[in-house]
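Novice: These protein sequence lines map, in sequence, to chains A and B.
Numbering of the first sequence is given in the working numbering, commencing with residue 1 and proceeding in unit increments.
Numbering of the second sequence is given in the working numbering, commencing with residue 1 and proceeding in unit increments.
Beta carbons are placed, not taken as given, at the ideal position from N, Cα and C, and that holds for glycine.
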Amino acid sequence: MDFVVQQLINAISLGGVYAMLALGLAIVFSIVRLINFAHGDIMTFGGYGIFLSLAFGMPPLGALAIGIGAAVVMALAMERAAFRAMRGADVVALLITSFAVSEILKVLFQNTISPRPVPISLPAAWSSSYRIGDVVIGVGPTISIVVALISLAGLTLFLRRTTTGMAMRAAAEDFEMLRLLGVRANRVVATAFAISGVLAGAAAVVWTAQRGSVDPMMGFFPVLKAFIATVLGGLGSLGGAVLGGLVVGALEVMTQAFLPDALSPYRDAIVLACVIAALLLRPDGLLPARSGARS
Amino acid sequence: MGDAVLEVEELDVRYGQVHAVRGVSLTVTQGGVTALLGANGAGKTSTVMAVAGVRPVASGTVRIFGQDVTGRTPEDIIRSGVAISAEGRRIFASLSVEENLKVAGNVVANADAEAERRAKLMERFPILGQRRRQLAGLLSGGEQQMLAVARALMSAPRLLLLDEPSLGLAPQMVDRIFDIVEELRDEGISILLVEQNATLALQVASHAVVLANGSVAASGDPEAIARDTVLREAYLAA
């Protein structure tokens, strides 16, 4: 029983990270039709932000805040330097642009910082665990779940209650009409990137807190999973991104926990087979985006 | 009547090989209603969208309130005192009625003034007030058109571009929409009215322009155009 509860916590904790990353991808895609392959590098940059501020003697909480800030700055810089000029280009051109941005950043990380993992030393208490009854719960996964919940709740409130949030939802439906109401396109797009940066930064925080190091490829694998999550949930659908992230995280943890060792090399294959099966049944994803009229 | 608030001169709009608008010139005078008529595909909407800054102007100029706005962003053009109710209404279906108005209220700097304007519009269009919390996508076609017009009015425009406001509506609703056009005209708002329903549009207009295949086929006094049976049969299908 306690084993199941622990695995459930692991599943939610990993799924929460995927959900945050998938949500960042989805919010940008829903507005500018960009599948941002460089999203992982935003997360990595956040990780390096944490590393550098700790190296310069920042207290841990301050370092984590700087990590999130760094991710936001990177997301905004990316939009300004690369994607703004490509606005309105077709999906493939945007995707290839994001590949280029991603490659440039990886090379920069390798050459200016290190091609190898650099350690992030956070307080030992963060990697310890605590007990509730018979169940031993890690502090890391707990932080991860709490951060994911705060991010999701904060984003929901922002989208529902603020005028800018309403404009973001309107932009996902019909960006041109939004501009025809005098809403500044650059501001809406920058906000979308800033939100994706906050979420990627938060993901970097929980990822580094649990793994204790940063390397140039840090963001690559989780964001790859987040891509799968957005497709599974329905490309451009925010609710779908969260659901997809949780499902992919749960599948991954379950396959690790319950598969016999002989099958463990096939873990990713099994997870992806499940995703393909789900897409065969629901080609538009689990929770398709509303504006289905636009392809 | 008086000075021109909108002057379009020799406007050309192309989409790749397609030459959608060819040398169109038209004027909306202060307080006037210019009807832009023509069959489906004649270039009416392309003209309006180019005026609003969301279609590239291949050549020609657009002047609004005496300023050359050719090539400006739609945000800048709208913020200079223009509003548009677009073809197909294009309300935000997943937002509530009130949220549609709030999004449009972004151009109003002062939050109190914005709330006041929203309240006034919901008084003017009571159905929107009653359904303020409903998703806009659940409104009927006529109600959606009211919302599209109300949303345009949030910015208190001096020039209103109304693109096919009566399209696809029940006859009773069409009458109501034209009543609103007259009310707005009487309030002093200058209007460019794009319509397929030539008969009604010519009744409210002070000036009319007929497009055919992207070019101006006729322009002038609405009554004269209404009487011109050859023109009507050739281009207006009315």
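1) Could you round the C-beta distance between B:Ala4 and B:Val28 to whole angstroms and report it? I think they count as a contact, below 8 Å.
2) Quick one: what's got a C-beta closer than 6 Å to B:Val181's C-beta in the same chain, skipping five residues either side?
3) Need the endpoints of the beta strand (DSSP E) that B:Tyr15 sits in, please.
4) Along the chain, where does the alpha helix (DSSP H) that runs through B:Glu75 open and close?
5) What does B:Leu26 pair with, by DSSP beta-bridge criteria?
6) Sorted by chain position, which residues of the same chain lie with C-beta nearer than 6 Å to A:Met218's C-beta, five sequence neighbours on each side aside?
7) Would you kindly report the start and end of the unbroken alpha helix (DSSP H) that includes A:Gly197?
8) Given a cut-off of 9 Å on the beta-carbon distance, is the pair A:Gly201 and A:Gly233 in contact?
9) Closer than 7 Å between beta carbons: that is the criterion. Which residues of the stretch 174-199 of chain B meet it against chain A?
10) Just mark A:Arg282 as buried or exposed, buried being the case when its beta carbon has 16 or more other beta carbons within 10 Å.
11) If you measure beta-carbon to beta-carbon, which residues of the stretch 74-108 of chain B are closer than 7 Å to chain A?
12) Does A:Arg294 pass the burial test, meaning 16 or more other C-beta atoms within 10 Å, or should it be called exposed?
13) Given that B:Ala52 touches chain A, what residues does it touch there, using C-beta distances under 7 Å?
14) Can at least three beta-carbon pairs, one atom from the stretch 34-42 of chain A and one from the stretch 79-98 of chain A, be found at a separation below 8 Å?
15) For the alpha helix (DSSP H) containing B:Gly220, name the first residue and the last one.
16) Output, in chain order, the set of chain B residues within a Cβ distance shorter than 7 Å of A:Glu173.
17) Could you compute how far the alpha carbon of B:Glu7 sits from the alpha carbon of B:Phe178?
18) Would a check of beta-carbon distances place B:Arg118 closer than 9 Å to chain A?
19) Give me the Cα-Cα distance between A:Ser312 and A:Val73, rounded to the nearest whole angstrom.
20) In this structure, how does DSSP classify A:Asp215 when only helix, strand and coil are distinguished?
21) Enumerate in chain order the residues of its own chain whose CB-to-CB distance from B:Gly142 is below 6 Å, with the five nearest sequence positions on each side excluded.
22) Where do the N-terminal and C-terminal ends of the beta strand (DSSP E) with A:Tyr130 fall, by residue?
23) Assuming B:Asp12 and B:Ser59 make a contact with CB atoms under 8 Å, what is their CB distance in whole Å?
24) Would you please verify whether the beta carbon of A:Ala185 is less than 9 Å from any beta carbon of chain B?
25) Of all the CB atoms in chain B, is at least one closer than 9 Å to the CB of A:Glu176?
26) Tell me the DSSP bridge mates of B:Glu195?
27) Could you work out which residues of chain A lie near B:Ser155, taking near to mean beta carbons separated by less than 9 Å?
28) Taking the alpha carbon of A:Leu155 as the reference point, which residue from A:Ala26, A:Pro60 and A:Met254 has its own alpha carbon closest?
29) Around the C-beta of A:Ile276, are 16 or more other C-beta atoms found within 10 angstroms, so that it is buried, or is it exposed?
30) Let me check you understand the geometry: is the CB of B:Val8 closer than 8 Å to at least one non-hydrogen atom of the ligand FMN?
31) Is A:Ala22 close to chain B, meaning its C-beta is less than 9 Å from at least one C-beta of that chain?
32) With DSSP run on the structure shown, which of helix, strand or coil describes B:Arg240?
33) Which residues mark the beginning and the end of the beta strand (DSSP E) in which B:Ser85 is found?
34) Over the uninterrupted beta strand (DSSP E) stretch that includes B:Ala208, give me the two end residues.
35) Could you name the residues of the same chain whose beta carbon sits closer than 6 Å to that of A:Gly49, not counting the 5 residues immediately before and after it, in chain order?
36) Suppose only complete runs of 3+ residues qualify. What are the beta strand (DSSP E) ranges in the stretch 21-96 of chain A, listed by chain order?
Specialist: The answer reads as follows:
1) 7 Å
2) Val204
3) Ala4 to Tyr15
4) Pro74 to Arg79
5) B:Val8
6) Hits under 6 Å: Thr44 and Gly47.
7) Looking at the DSSP string, the run of the alpha helix (DSSP H) that includes A:Gly197 is Ala185 to Arg211.
8) Contact flag unset, no.
9) The stretch 174-199 of chain B vs chain A, Cβ under 7 Å: nothing.
10) exposed
11) If the cut-off is 7 Å between Cβ atoms, the stretch 74-108 of chain B has Pro74, Glu75, Ile78, Arg79, Ile84, Ala86, Arg90, Phe92, Ala93, Ser94, Leu95, Glu99, Lys102, Val103, Ala104, Asn106 and Val107 near chain A.
12) Because the pLDDT at A:Arg294 is just 37, under 50, the model does not fix this residue reliably, and the value given afterwards should be weighed accordingly. The residue in question, A:Arg294, is exposed, as its Cβ has fewer than 16 Cβ neighbours within 10 Å.
13) Using a Cβ-Cβ cut-off of 7 Å, B:Ala52 is close to Leu180 of chain A, given in chain order.
14) yes
15) Premise fails: B:Gly220 lies in the beta strand (DSSP E), Ser215 to Gly220, not in any alpha helix (DSSP H).
16) The answer, in chain order, is Phe92, Ala93 and Ser94.
17) 24 Å
18) no
19) The requested residue 312 of chain A does not occur in the structure, where chain A is confined to residues 1 to 295.
20) coil
21) Leu169 and Met173
22) Ser129 to Ile132
23) About 4 Å separates the two Cβ atoms, so the contact holds.
24) yes
25) yes
26) B:Leu37
27) Leu181 and Gly182
28) The shortest CA-to-CA distance from A:Leu155 to any of A:Ala26, A:Pro60 and A:Met254 is the one to A:Ala26.
29) The residue in question, A:Ile276, is exposed, as its Cβ has fewer than 16 Cβ neighbours within 10 Å.
30) In terms of ligand content, the structure shown is empty, and the ligand FMN therefore cannot be addressed.
31) no
32) Residue 240 of chain B cannot be examined here, being either before or after the span of chain B that is shown, 1 to 238.
33) Val82 to Ser85
34) His207 to Ala212
35) Ile66, Gly67 and Ala70
36) none
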